[in-house]
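Each residue of the sequence shown is one higher than the one before, counting from 1065 in the numbering used here.
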Amino acid sequence: MEIHNWWKEAVVYQIYPRSFQDSNGDGIGDIPGIIDRLDYLKDLGIDIIWLSPVYQSPNVDGGYDISDYQAISQEFGTMKDMEQLLQQAHLRGLRVVMDLVVNHTSDQHVWFIESRRSKDGPKRDWYIWRDGCDGGPPNRMSSVFSGSAWTPDEETGQYYLHLFAKEQPDLNWENGEVRRAVYEIMRWWLDMGIDGFRMDVINMISKPAGALASDGGAGRECVNGPRVHEYLREMNREVLSRYDIMTVGETPGVAVEEAKKYGGFDSDELSMVFQFELMDVDAGVYGKWNQRRYMLTDLKRILSQWQTGLEGCAWNSLFWSNHDQPRAVSRFGDDTSEESRVLSAKMLATCLHMMQGTPYIYQGEELGMTNMPFNSLKEIRDIETFNAYRELVCENSIYTHDEMMARIRKSGRDNARTPMQWSSAPNGGFTDGVPWIGVNPNYTSVNAAVQMRDPESVLSYYKRIIRLRRQYPVVVYGSYSPLWPDDEKIFAYTRSLNDMRMLVICNFTPDTVERPDIESCYPKDAELLIGNYPFPAKALRPFEARVYYGGAA
Ligand code: TEU
Ligand code: CA
């Protein structure tokens, strides 16, 4: 018997506020801009908005470096605007989930300013300080954003730990005062009426003793530390369990078995986690900085493992992309022609939304927005990309400038951060001023206004696919079973609930594929629920997606 929860039946839409909608012409998206677009989101049919950070921040890492958890960034508006957003969203039946970034703070947070002041101050132990070794850092551990994970501080001569940028010092979760301070902030926001949290790198908060003494990469060494489940259960007891909310943990380096601990139905920790295995499907020697395309069999193996692995005991989050990843259609589909862009964007939506789990749409994905043709470093804003360029081009000559630019166009985070393309007005209708990052030049044809008028657009297709979730319980609760795992072109699976069955078939290639054995898999008295071609055919056409529904028999 399936356990029903509202967040299992919901569709989440992620907003990256800086790039969503500018309301005052300063070139930066803001909260009043989001309020202006709530009707668009309601019309799309989503249920929950996940807001990337809107807190006060020096913005070294796109707001993931927070200097005050109880203040709104001036660039984004005021606390009044935030209250308005909550009220206006709730009026429309939309919930709002905030980003909680508490593995680290900004180095401008008062906690860190006090902590660095002296070795014996009351906040010293709130961060992780160590003596250097032989005139250098305590060890050679590297940060996720390249370079050492340790930075020396003049004030006391000691080094502090940062798994990410040096402006993002890691909090010391072993300290009970730190945990209590975090819980208090969480309660403060929940009491204001927010509907949950997306928790940034939440599986990195407990540092294994060995990791802090290791020479490895922080991203690998510091995941799933010894006390992380203890902390999350404490957080659940003290905060989460007292509210009717949704929580999703961002958890790099978590496999299926570990995910069941974080998000098991009876684990008393989180509602679900974001897995990274899919995001690593095209990684290579220098991580994502390569030119590899994924193999469909790898992609299917990963998704099927998560589908069957969590069945009945935990819940999947389903996503192709977010603010850290390239655009879904460019990466997993095909943006080389207008026709294939539209077909493959719809195919990807079908493939993902028909699986078991809560789907996340990243802003612009519902338009089939593509990667950006970046030509020079001047167009880049992302600290991770700059640091990788320094390491791979300047310091180690692994790639030439041109080779690295090609990799940035493929994998850089700024691909996802170009402004939302609302219309064919200047700057895609995002701003009347100068946008903080360039607008993708294809906004004149790829934009919301055009697609709203076109029943065959990617946007119209997303509305239909979201509606299916409301109409057919099998979409939410059906159990998953993969077909032809070794097929390099077709991703097909079934979903079954009681005596009903759904068959999902997706052609991931630009080729026409014959699969005569498909017909034997059709549900009984099958009807076609949705597809991305206007008329039927036997063979599977380029990037074709079809969903059939009928009896299990
Ligand atoms: O991301 C964590 C994380 O693992 C990223 O480093 C991700 O793997 C990488 O960007 C992909 O190239 C979270 C946030 O989503 C990200 O925006 C922040 O920069 C990071 O934490 C630090 O807060
Ligand atoms: Ca603005």
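All C-beta atoms, glycine included, are put in the ideal place defined by N, C-alpha and C.
Exercise. Keeping to the same chain, check which residues put their C-beta closer than 6 Å to that of GLN1164; ignore five residues upstream and five downstream.
Key: Here residue 1164 is Leu; the residue named in the question, Gln, does not match the sequence. Cβ-Cβ distances below 6 Å link LEU1164 to PHE1261, MET1263 in the same chain, with the five nearest sequence neighbours on each side left out; the list follows chain order.
Exercise. Starting from the Cα of ASP1132, find the closest Cα among ARG1194, TRP1175, VAL1208 and give me that residue.
Key: TRP1175
Quiz item: Between the Cα of ARG1082 and the Cα atoms of SER1394, ILE1092, ARG1445, LYS1527, which residue gives the shortest distance?
Solution: ILE1092
Exercise. Quick one: grab the DSSP three-state call for ALA1601.
Key: coil
Quiz item: On the premise that TYR1536 lies in contact with PRO1546, defined as a C-beta separation below 8 Å, what is that separation, rounded to the nearest angstrom?
Solution: With 8 Å as the limit, PRO1546 and TYR1536 do not qualify as a contact, their Cβ atoms being about 20 Å apart.
Practice problem: From the DSSP output, read off the bridge partner residues of CYS1570. | Solution: PHE1555, ALA1609
Quiz item: Which two residues bound the contiguous beta strand (DSSP E) that contains TYR1541?
Solution: Looking at the DSSP string, TYR1541 is not in any beta strand (DSSP E); the run it does join, the alpha helix (DSSP H), is 1537 to 1541.
Quiz item: Would TRP1370 pass as a contact of ASN1386 if the rule is Cβ separation under 7 Å?
Solution: no
Quiz item: Going by other Cβ atoms of all chains shown within 10 Å of its Cβ, with 16 needed for buried, is LEU1592 buried or exposed?
Solution: exposed
Quiz item: Pick from SER1182, GLY1157, LEU1367, ILE1582: whose alpha carbon is nearest that of ASP1107?
Solution: GLY1157
Quiz item: With a CB to CB cut of under 6 Å and the five nearest residues on each side skipped, what residues in its chain are close to VAL1075?
Solution: ILE1110, ASP1111, PRO1423, ILE1530
Practice problem: Look at the alpha carbon of CYS1570 and the alpha carbon of ARG1605, and state the distance between them as a whole number of angstroms. | Solution: 10 Å
Quiz item: Do the segment 1349 to 1364 and the segment 1436 to 1443 meet, that is, are 3 or more Cβ pairs less than 8 Å apart?
Solution: no
Quiz item: Apart from the five residues just before and just after SER1408, which ones in its own chain have a Cβ nearer than 7 Å to its Cβ?
Solution: VAL1393, GLY1397, ASP1398, PHE1607
Exercise. Kindly indicate which residue of CYS1377, GLN1355, ILE1425, ARG1445 has the alpha-carbon position closest to the one of ASP1466.
Key: GLN1355
Exercise. Could you please go through the chain and list the residues whose beta-carbon is closer than 6 Å to any non-hydrogen atom of ligand 2?
Key: Cβ atoms closer than 6 Å to ligand 2 belong to ASP1086, SER1087, ASN1088, ASP1090, ILE1092, ASP1094.
Self-check item: DSSP-derived helix/strand/coil call for LYS1187
Solution: coil
Quiz item: Taking the alpha carbon of ASP1209 as the point to measure from, which residue in ASP1388, GLU1430, GLY1493, ARG1517 has its own alpha carbon closest?
Solution: What sits at residue 1209 in the sequence shown is Phe, not Asp. That would be ASP1388, whose Cα lies nearest to the Cα of PHE1209.
Quiz item: Where does HIS1226 fall in DSSP's three states?
Solution: Under the three-state reduction of DSSP, HIS1226 is assigned to coil, being neither helix nor strand.
Practice problem: Taking TRP1071 as the reference, give the member of ASP1086, HIS1226, ALA1512, MET1336 with the closest Cα. | Solution: MET1336
Quiz prompt | TYR1424, enclosing beta strand (DSSP E) - first and last residue | solution = 1422 to 1426
Quiz item: Excluding five sequence neighbours on each side, which residues of the same chain lie with their C-beta closer than 7 Å to the C-beta of ARG1391?
Solution: SER1385, MET1433, THR1434, ASN1435, ASN1479, ALA1480
Self-check item: Classification of ALA1285 by the beta-carbon crowding that lies within 10 angstroms, buried from 16 upward
Solution: The sequence shown places Glu at residue 1285, rather than the Ala named in the question. That one is buried.
Practice problem: Please go through the same chain and pick out, in chain order, the residues whose beta-carbon is closer than 6 Å to the beta-carbon of ASN1309, but skip the five residues on each side of it. | Solution: Going by the sequence as given, residue 1309 is Ile instead of Asn. Only ASP1259, GLY1260 meet the Cβ criterion.
Exercise. Pick helix, strand or coil for ILE1136, following the three-state DSSP scheme.
Key: strand
Self-check item: Among PRO1587, ALA1601, TYR1526, the one whose alpha carbon lies nearest that of THR1576
Solution: ALA1601
Quiz item: Does the pairing of the segment 1558 to 1566 with the segment 1441 to 1451 give three or more beta-carbon distances under 8 Å?
Solution: Not touching, per the Cβ criterion.
Quiz item: Taking the C-alpha atoms as reference points, what is the distance between ILE1177 and ASP1171?
Solution: 7 Å
Quiz item: Looking only at DSSP bridge pairs, what is HIS1068 linked to?
Solution: Per DSSP, none; premise fails for HIS1068.
Quiz item: Per DSSP, which one or two residues make a beta bridge with ASN1380?
Solution: VAL1337.
Quiz item: Could you check where the beta strand (DSSP E) with ILE1112 kicks off and where it finishes?
Solution: Counted as a single uninterrupted DSSP element, the beta strand (DSSP E) harbouring ILE1112 occupies residues 1112 to 1115.
Quiz item: Quick one: what does DSSP say PRO1546 is sitting in, helix, strand or coil?
Solution: strand
Practice problem: Please report how far the alpha carbon of SER1543 lies from the alpha carbon of LEU1561, in whole angstroms. | Solution: 7 Å
Practice problem: Could you give the DSSP three-state label for CYS1197: helix, strand or coil? | Solution: strand
Exercise. Output the distance between the C-alpha atoms of MET1343 and THR1372, rounded to the nearest integer angstrom.
Key: 19 Å
Quiz item: Would you say PRO1600 reaches chain D, if we count a Cβ-Cβ gap shorter than 7 Å as a contact?
Solution: In summary, chain D is missing from the structure at hand, where a single protein chain is found.
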